[in-house]
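See structure below.
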Amino acid sequence: MEKALVGISGGVDSSVSALLLKNQGYEVIGATLLLTDNEESNRKMIEDSKKVCEELKIKHILIDCKKEFQKEVIENFIYEYINGRTPNPCIKCNKDIKIKYLFQKAEELGIEYIATGHYAQKEYYETNNRYLLKMSNSEKKDQVYFLYNLTQQELKKIIFPLGGFKDKEEIREIAKQNGLGVASKSDSQDICFIPDGDYKNFLKNTYAIEYMKQGNIVDINGKILGKHNGIINYTVGQRKGLGLSMPNPVFVLKLDKEKNEVIVGEEENLYSNELIAKECNFIMINKLEDEMKVKVKTRYASKLTDAIILPYNDKKVKVIFDKPQKSIAKGQSVVFYKDKYVVGGGIIE
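Numbering (this note's numbering), first residue to last: 692 to 1040.
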């Protein structure tokens, strides 16, 4: 019997993933990753995860990643913001924590596969001997954007049990029909280490406080328009809360850490024809050697848009949009798609 180590968070998606794999004949082991120092949150997650594993009659283990999560995700989150960028901690967590340590534990225990509750699919393409990452059947819940860093070795051994489902209600119904207590549990928040979602307050309460000092708000020509109260309080595309009295609406265009300036301009200045992506990873191909027509997303919630990607230099890619795109934020990820498949992606420079 093949074994699968399933990441169990105590939520309905991961619980049903474990149930489906068990029904498919796998010997399933549930693994709960401890990420933060929030004792109350950890206690509840462990309690719910253990209960699910008891209901499914599968073994449950804990993987303590708190130190690694602090270093790789939380400290990176703070560093990016104080440098005027907008990070995506979920992408960083999947790459450097969840997938990494599930595989590490699976290898340690002699388990062949890992599985997660992501809404994603994979396919093996015999022609060029590659595993492909494919969008899930759920347009609303699809999560391949967060997984563009997967390697061929990881794709070979990862399972996405929920990829074929069209909506979350199907998953809840399966949980309900099988007597799982988490069937009606609400979805988790976006950033697990900021339970109230107030990232600005979170940053104020960390050593990023030194970056809260005032500076100038300037226009694209450098003219001083007013004062800001710390660049980490602003994001590209922001309109409200600037404290400026202007004849026309203005938006945040750029954050300059070196000068401690917030640069603003009119809406038309928010649009970009191209961007450079660094730290790129490719799934569909080994390496980008020529230009390729693709569709791209510059944020998880953004719509797919037509573009051309071409090699730039060492692990970087230039993305040229068919139509100018609005509010592109440094630090976010741009992901490239062809049909329903992920070509690859990188971090916006």
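Heads up, the beta-carbon is just placed ideally off N, CA and C, and yes, glycines get one too.
Treat the numbers as computed from the prediction; the structure is a model and nothing was measured.
Distance CB(residue i)-CB(residue j) smaller than 8 Å
i, j, result
"L961", "G917", "no"
"L696", "L725", "no"
"K1021", "T777", "yes"
"E746", "G870", "yes"
"A806", "L935", "no"
"L966", "I911", "no"
"N779", "Q1023", "yes"
"V955", "L946", "no"
"Y822", "L846", "yes"
"K891", "N924", "yes"
"E799", "K848", "no"
"D881", "G872", "no"
"P1002", "E980", "yes"
"C666", "F837", "Because the chain in this structure spans residues 692 to 1040, residue 666 falls outside the shown range and cannot be described."
"Q834", "H809", "yes"
"I790", "V743", "no"
"T897", "I737", "no"
Limits of the unbroken beta strand (DSSP E) element including residue i
i, result
"D704", "Here D704 belongs to no beta strand (DSSP E); instead the alpha helix (DSSP H) covers 703-714."
"P1002", "996-1002"
"Y822", "821-826"
"E949", "Run containing E949: none; DSSP gives neither H nor E here."
"Y792", "Element bounds for Y792: not the beta strand (DSSP E) but the alpha helix (DSSP H), 790-800."
"V1026", "1024-1029"
"A806", "804-806"
"V985", "983-988"
"A811", "811-816"
"C971", "962-973"
"V873", "No beta strand (DSSP E) holds V873; DSSP gives it neither H nor E."
"Y925", "No beta strand (DSSP E) holds Y925; DSSP gives it neither H nor E."
"D992", "One detail in the question is off: residue 992 reads as Ala in this sequence, not Asp. No beta strand (DSSP E) contains A992, which DSSP labels as neither H nor E."
"L933", "It is not in any beta strand (DSSP E) - L933 carries neither H nor E in the DSSP assignment."
"L696", "694-698"
"Q1016", "1008-1017"
"T727", "It is not in any beta strand (DSSP E) - T727 carries neither H nor E in the DSSP assignment."
Neighbourhood of residue i by C-beta distance below 8 Å, restricted to the same chain and skipping five residues each side
i, result
"G855", "Q812, S827, N828"
"K876", "G701, G702, V703, D739"
"K667", "With the chain covering only 692 through 1040, there is no way to say anything about residue 667."
"I865", "V707, L710, L711"
"M957", "Here residue 957 is Glu; the residue named in the question, Met, does not match the sequence. So the qualifying residues of the chain are N939, P940, V941, F942."
"E860", "none"
"N733", "L725, T727"
"E759", "D787, I788, Y792"
"D858", "S829, K831, K832"
"K1014", "T996, D997"
"L944", "I911, V927, I954, V955, G956, N960, L961"
Assumed close pair residue i, residue j - CB separation to whole angstroms, cut-off 8 Å
i, j, result
"M903", "K895", "6 Å"
"N977", "Y839", "Actually they are not in contact, since the Cβ atoms of N977 and Y839 sit about 15 Å apart, beyond 8 Å."
"T727", "K757", "7 Å"
"K825", "Y1032", "5 Å"
"G906", "I922", "7 Å"
"G1035", "M975", "7 Å"
"S708", "P852", "4 Å"
"K694", "Y717", "7 Å"
Terminal residues of the alpha helix (DSSP H) in which residue i lies
i, result
"I769", "766-773"
"N892", "890-895"
"S740", "730-747"
"P852", "P852 -> no alpha helix (DSSP H), and no H or E assigned at all."
"L838", "Unbroken run through L838: none, as it is neither H nor E."
"I862", "859-868"
"F760", "757-760"
"I782", "780-784"
Cut-off 7 Å between Cβ atoms - residues of its own chain near residue i, not counting five sequence neighbours on either side
i, result
"N774", "K948"
"G763", "According to the sequence displayed, residue 763 carries Glu and not Gly. Taken in chain order, the residues that qualify are K783, D787, I788."
"V1010", "E965, L966, A968, V987, A998, I1000, V1025"
"V909", "I915, L916, E952, I954"
"N767", "P778, K783"
"K1006", "K969, E970, C971"
"N920", "M903, Q905"
Classification of residue i by the beta-carbon crowding that lies within 10 angstroms, buried from 16 upward
i, result
"M937", "exposed"
"A968", "buried"
"A992", "exposed"
"E730", "exposed"
"E771", "buried"
"K867", "exposed"
"N785", "buried"
"S879", "exposed"
"K796", "buried"
Residues of its chain near residue i, where Cβ-Cβ distance is below 6 Å and the 5 sequence neighbours each way are ignored
i, result
"S1018", "V927, G928, L961"
"K750", "I720"
"D755", "L725"
"I885", "F893"
Contact test: residue i Cβ vs the ligand PLP heavy atom, cutoff 7 Å
i, result
"L726", "The model depicted lacks the ligand PLP and carries no ligand whatsoever."
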